[in-house]
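Chains as they are written, first to last, in the numbering used here: chain A, 3 to 408; chain B, 1134 to 1472. Glycine is no exception: its CB is placed at the ideal position from the N, C-alpha and C atoms. Just so you know, these numbers come straight off a predicted model, no measurement behind them.
Following this line, the structure appears as structure tokens:
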């Protein structure tokens, strides 16, 4: 699960990690209060930061939500020094409009929250990231003197500028490792000492909140040699959310596709894509392979949809509903490998769902496994707009035909 | 014949009385697997389906029944503990079917098993979030449909469940049997990686070819491919799912995600091709690709044998001729001497 910068910072603060202070607002009515609150804390310079689940906000472009060609502002993050009036003007203009960055795609994301934050003067930007290294099943801390830019770029162009420290699961982060990182980042004096405290607190937070990614980019050295997180990105491990029921409140449904939310309610794993052939499959690997097959057959997959291990009539019907709410869908391919689930039961489910929903596009159903032949018979004799197939190859050809007809 | 599990495997089922455990234990027994015990804390002393003894702990089960393989069906919150318990009870193989185990828990489990193994132990775990392992005709420790398999000589390794069934089904329909099929699971931290399974198949005399079915995310396929290039003489066939998957989106499996431009299908296929692995283009062609590669390999091996034979025949002829000449010379010399 992804969370916003302001939420990440509020979590990190609880673990004693030094972060840029700020107040999140959802309407301009809250703006003055936010500024006053920060002023009371001694803040004299201000930054306005758009809160969306995507990177590259500073270089993004804000478009008018009602007329998408109209550029409202260039930049989704702006520094205003002590000029509160200007900051307020900017905040008012961008709030509720659409921010497009290199990570959002053309459709962009609506800015529904602003983080009014303390403006800081700093002399250096660094990079820090913590994640799992899948090659050895250990967490790795990555640090670089090249902060503020995309770390993928640094990794590709100057990999020697990335320092990596692997954490032994049984003993955790050790002091000598923290020092190794600090030396690698060329830190000295009080910044060195500050960093040791910072990284220890940061790693502790990473472990305790069950994060799957924690990125501080940039990590800054302020003019008075303090180490502080200017930005913070946290992804939480979905599998561990049951341990942290309070994190459910951090979920921002506005950032998720409404169809995906609907699907998750019926225990379906759905991801919307841009193609014209919808698909419904049991199992994630087979679902990906089915998407690939659609492409080979001349179509483009409209979605990823895993109905899970057991495909009942009810899950099939819910799957249909979700696929059909995507208006680009011109055909549907159902690919179920029966195995322990009996194919004739799935076939009955498909027929029943088709009758209930009156599906306007051709449906290709490929059932394989236990009772596949009986299933084919049920589908063929249903009198519905359903094309049955037993092999994967056959299914692909049927899809090609179905698209051609439309 | 097979790796890791065979007719001699004695299985203990952790979570045998739960609904998943009950269903799949019945299926495994039907397939002919030797399930000797079950474990459900608090239900020790009872019998599962009137014949299989249930114990409170894996250690008790192992002591009483000499079980050497464990399969885990307990809920995700308790799975890490279950794997560690099985490891501690000294079974040789633990298969964890459960999905949704927190990564943090799995990092600790993996580390614990590794550290135990450096102390003279040899314990292997498969999964989590996997369909398990089957040696067709001998033993099934998992949730895969048994009937689609055929006993034979192709080793199958895969990160997914139903896609493996699909591939196995294609093989069986072409008359190509399998030595052992392992579903290693779709999570970021897994006990047995492609590389580990490839090593086992490479050392198994009865596995003639290996089929590896990967998917986007991570670099386990590449890691295995480099090993194959260096050490594996058996033909290896591959498939990678997720060519059409967009970056940054998790495709069902926690491990199946393209991030920072890494882990794409194209990248994996390129490395696999460079390492001599034949990669099927379409998921519909996995079986036929294996068949073609096997035929080519066998034809090549036959030709090699023939060439070798021909060379040997030639060598033999030459040797005979040399002997003859030498013999003649000797004869002449002898004659001279006699003179």
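Cβ of residue i within 8 Å of any chain A Cβ
i	result
residue 1161 of chain B	no
residue 1240 of chain B	yes
residue 1405 of chain B	no
residue 1363 of chain B	no
residue 1322 of chain B	yes
residue 1137 of chain B	no
residue 1296 of chain B	yes
residue 1282 of chain B	no
residue 1155 of chain B	no
residue 1234 of chain B	yes
residue 1257 of chain B	no
Identity of the residues DSSP links to residue i by a beta bridge
i	result
residue 303 of chain A	A:279
residue 83 of chain A	A:48
residue 224 of chain A	A:124
residue 272 of chain A	A:307
residue 1258 of chain B	B:1227
residue 260 of chain A	Partner(s): none; residue 260 of chain A has no beta bridge.
residue 1311 of chain B	B:1287
residue 1242 of chain B	Residue 1242 of chain B pairs with nothing; no bridge assigned.
residue 89 of chain A	Note: residue 89 of chain A sits in no beta bridge, so no partner.
residue 75 of chain A	A:64
residue 181 of chain A	Beta-bridge pairing links residue 181 of chain A to no other residue.
Residue-level contact to chain B via CB, residue i, 8 Å cutoff
i	result
residue 370 of chain A	yes
residue 245 of chain A	yes
residue 410 of chain A	The displayed coordinates of chain A run from 3 to 408. Any statement about residue 410 of chain A would go beyond what the structure contains.
residue 341 of chain A	yes
residue 384 of chain A	no
residue 262 of chain A	no
residue 145 of chain A	no
residue 395 of chain A	yes
residue 248 of chain A	no
residue 255 of chain A	no
residue 239 of chain A	yes
residue 398 of chain A	yes
residue 97 of chain A	no
residue 275 of chain A	yes
residue 390 of chain A	no
residue 214 of chain A	yes
residue 271 of chain A	yes
Integer-rounded CB distance, given that residue j should sit under 8 Å from residue i
i	j	result
residue 115 of chain A	residue 56 of chain A	The Cβ separation is near 13 Å, so there is no contact.
residue 1275 of chain B	residue 1319 of chain B	Incorrect: roughly 14 Å between the Cβ atoms, too far for contact.
residue 363 of chain A	residue 334 of chain A	6 Å
residue 282 of chain A	residue 1384 of chain B	Not quite, the Cβ-Cβ distance comes to about 15 Å (not below 8 Å), so this is no contact.
residue 49 of chain A	residue 79 of chain A	7 Å
residue 394 of chain A	residue 295 of chain A	7 Å
residue 1212 of chain B	residue 1234 of chain B	5 Å
residue 1180 of chain B	residue 1333 of chain B	Not a contact, Cβ separation roughly 35 Å.
residue 276 of chain A	residue 302 of chain A	7 Å
residue 1424 of chain B	residue 1309 of chain B	6 Å
residue 167 of chain A	residue 189 of chain A	Not really, about 15 Å apart at Cβ, beyond 8 Å.
residue 1313 of chain B	residue 1268 of chain B	5 Å
residue 433 of chain A	residue 76 of chain A	A question about residue 433 of chain A goes unanswered here, because the residues of chain A that appear run from 3 up to 408.
residue 1402 of chain B	residue 1373 of chain B	6 Å
Counting Cβ pairs closer than 8 Å, one from the stretch 1257-1267 of chain B and one from the stretch 1339-1346 of chain B, do we hit at least three?
-> no
Is the stretch 1229-1242 of chain B touching the stretch 1286-1296 of chain B in the sense that three or more CB pairs, one from each, lie closer than 8 Å?
-> no
Mind the definition here: the stretch 1402-1412 of chain B touches the stretch 306-322 of chain A only if three or more C-beta pairs lie below 8 Å; say whether that holds.
-> no
Taking a Cβ distance cut-off of 9 Å, strictly less, list which residues of the stretch 1428-1440 of chain B are near chain A, in chain order.
-> none
Name the residues in the stretch 286-310 of chain A whose C-beta lies less than 7 Å from a C-beta of chain B; which are they?
-> 286, 287, 288, 289, 290, 291, 293, 294, 295, 297, 298, 303, 306, 308
Do the stretch 1181-1192 of chain B and the stretch 1142-1151 of chain B make contact, defined as three or more Cβ pairs closer than 8 Å?
-> yes
Touch test, the stretch 67-86 of chain A against the stretch 132-152 of chain A, Cβ-Cβ under 8 Å, three pairs minimum = no
Can you list, in chain order, the residues of the stretch 108-140 of chain A whose Cβ is nearer than 8 Å to any Cβ on chain B?
-> 134, 136, 137, 139, 140
Residues of the stretch 153-173 of chain A whose Cβ lies closer than 7 Å to any Cβ of chain B, in chain order | 154, 171, 172
For the stretch 187-211 of chain A, enumerate the residues whose C-beta is nearer than 8 Å to any C-beta of chain B, in chain order.
-> 209
Inter-stretch contact at 8 Å, needing at least 3 Cβ pairs: the stretch 93-113 of chain A / the stretch 200-215 of chain A | no
When the Cβ atoms of the stretch 1167-1185 of chain B are set against those of the stretch 374-388 of chain A, are three or more pairs found closer than 8 Å?
-> no
Okay, do the stretch 313-327 of chain A and the stretch 264-272 of chain A touch, 3+ Cβ pairs below 8 Å being the bar?
-> yes
Within 8 Å of chain B by C-beta, residues of the stretch 216-241 of chain A in sequence order = 239, 240, 241
Spell out a yes or no on whether the stretch 4-24 of chain A and the stretch 214-234 of chain A are touching, meaning 3 or more CB-CB pairs, one atom from each, closer than 8 Å.
-> yes
Decide if the stretch 1344-1354 of chain B is in contact with the stretch 1371-1391 of chain B; the criterion is three or more beta carbon pairs, one per stretch, under 8 Å apart.
-> yes
Which residues, taken in chain order from the stretch 1372-1404 of chain B, show a beta carbon closer than 7 Å to some beta carbon of chain A?
-> 1374, 1375, 1376, 1377, 1378, 1379, 1382, 1384, 1385, 1386, 1387, 1389, 1393, 1394
The stretch 1188-1213 of chain B: which residues have C-beta closer than 8 Å to a C-beta of chain A, in chain order?
-> 1209, 1210
Residues of the stretch 1338-1367 of chain B with Cβ closer than 8 Å to any Cβ of chain A, in chain order | 1346, 1348, 1349, 1351, 1352, 1353, 1356
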